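Undergrad: Take a look at this one; I'll ask things after.
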Amino acid sequence: FLIQLLFDGKEGAVTGKLALWPVDSGEFKPYQLVTHMFTHGGFAHILFNMFALWSFGTWLEKVWGPKKFLFFYLACGFTAAAAQLLFSNAPAVGASGAIMGLFAAFAYLFPNAQLIMFPIPVPVKAKWAIAIMAAIDLFGGVNPTGSNIAHFAHLGGLIMGFILVIYWNKTNKKTFY
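Note that this note's numbering numbers the sequence shown so that position 98 is 360, with each residue one more than the last.
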């Protein structure tokens, strides 16, 4: 993101190279399946994603350790990119798909953890919060409004997050809650 701020210029040259572009756009490059996670659409975008990374990632890294956590994060982000390419014809930036995977894993491992969902200051259990977010993204994906939100990327990351955490929880004899 700092590289974007320093070197993008008016044309958005850095963001244009690192963003995830549709395969048939002429701008797509395979490395964008990873680089899109490290570019953002503005300060508020990166601030929210990094707050969520800190909130959920801290707990998950304690459970899995840094290597497994990194694998999980990148797998969710990669799957988010694949979902975006399959179901949308818009370019995408941001870590939100990977973050949704973290959120899914957190909700699975700590379903009764109380979360405050912005902007409504009411505690919601993680298991209900993830269901609400999934429903919002599903609705937004099938009813696009031009909001520049990559709803299908979010859903792709969320699904991969659930798949991995369920698999790891069944193959690892630890109980997390």
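Glycine included, C-beta positions come from ideal geometry on N, C-alpha and C.
Being a predicted model, the structure only gives us computed values, none of them experimental.
Please report the Cβ distance between Ala369 and Ile398, rounded to the nearest whole angstrom; I am assuming they are in contact, meaning their Cβ atoms lie under 8 Å.
TA: Along the sequence shown, read from residue 1 onward, the residue named residue 369 stands at position 107. Along the sequence shown, read from residue 1 onward, the residue named residue 398 stands at position 136. Rounded, the Cβ-Cβ distance is 14 Å, inconsistent with contact.
Undergrad: So, Met362 versus Gly419, is the Cβ gap smaller than 8 Å?
TA: By 1-based counting over the sequence shown, the position of residue 362 is 100. By 1-based counting over the sequence shown, the position of residue 419 is 157. For Met362 and Gly419, yes; Cβs fall inside 8 Å.
Undergrad: Using C-beta distances below 8 Å, list every residue in its chain close to Gly278, excluding the 5 sequence neighbours before and after it, in chain order.
TA: Counted from its first residue, the sequence shown places residue 278 at position 16. The answer, listed in chain order, is Glu289.
Undergrad: Using 10 angstroms around the beta-carbon of Gly319, count the other beta-carbons present and answer buried if the total reaches 16, otherwise exposed.
TA: Taking the first residue of the sequence shown as position 1, residue 319 is located at position 57. Its Cβ being crowded by 16 or more others within 10 Å, Gly319 is buried.
Undergrad: Whose C-alpha, out of Ala357, Ala367, Ala281, is nearest the C-alpha of Tyr429?
TA: Locating residue 429 in the sequence shown gives position 167, counting from the first residue. If we check each option's Cα against that of Tyr429, Ala367 comes out closest.
Undergrad: So what's Val355 in DSSP terms, helix, strand or just coil?
TA: For the purposes of this step, residue 355 is taken as residue 93 along the sequence shown, with counting starting at 1. Looking at Val355 - three-state DSSP - the assignment turns out to be coil, as it is neither helix nor strand.
Undergrad: Less than 8 Å between the CB atoms is what I'm expecting for Ala375 and Ala388, so what's the real figure, rounded?
TA: As a working note, residue 375 is residue 113 in the sequence shown. As a working note, residue 388 is residue 126 in the sequence shown. About 5 Å; that satisfies the 8 Å criterion.
Undergrad: Excluding the 5 residues preceding and the 5 following Ala357 in the sequence, name in chain order all residues of the same chain whose CB lies nearer than 6 Å to its CB.
TA: As a position in the sequence shown, residue 357 is number 95, starting the count at 1. Once the five neighbours on either side are set aside, the close Cβ partners of Ala357 are Met299, Asn311.
Undergrad: Thr301 and Leu332 look like a contact to me (Cβ under 8 Å); what is the Cβ gap, rounded to whole Å?
TA: Locating residue 301 in the sequence shown gives position 39, counting from the first residue. Locating residue 332 in the sequence shown gives position 70, counting from the first residue. Actually they do not touch by this definition, with Cβ atoms about 18 Å apart.
Undergrad: Helix, strand or coil, according to DSSP, for Ile398 in the structure here?
TA: The residue you call residue 398 lines up with position 136 of the sequence shown. Three-state result, Ile398: helix.
Undergrad: Please check the pair Gly441 and Val355, which I expect to be a contact at CB under 8 Å, by giving their CB distance rounded to whole angstroms.
TA: Not covered by the structure: residue 441. The range shown for the chain is 263 to 439.
Undergrad: Under a three-way DSSP split, which group does Val325 fall into?
TA: Taking the sequence shown and counting its residues from 1, one reaches residue 325 at position 63. Of the three classes helix, strand and coil, the one that applies to Val325 here is helix, per DSSP.
Undergrad: Quick one, are the C-beta atoms of Phe401 and Ser350 less than 8 Å apart?
TA: Here residue 401 is taken as the residue at index 139 of the sequence shown, counted from 1. Here residue 350 is taken as the residue at index 88 of the sequence shown, counted from 1. No.
Undergrad: Can you tell me whether Ile411 is buried or exposed? The criterion is at least 16 other CB atoms within 10 Å of its CB, across all chains shown.
TA: Residue numbering aside, residue 411 sits at position 149 when the sequence shown is read from its first letter. The residue is buried, with at least 16 neighbouring Cβ atoms inside 10 Å.
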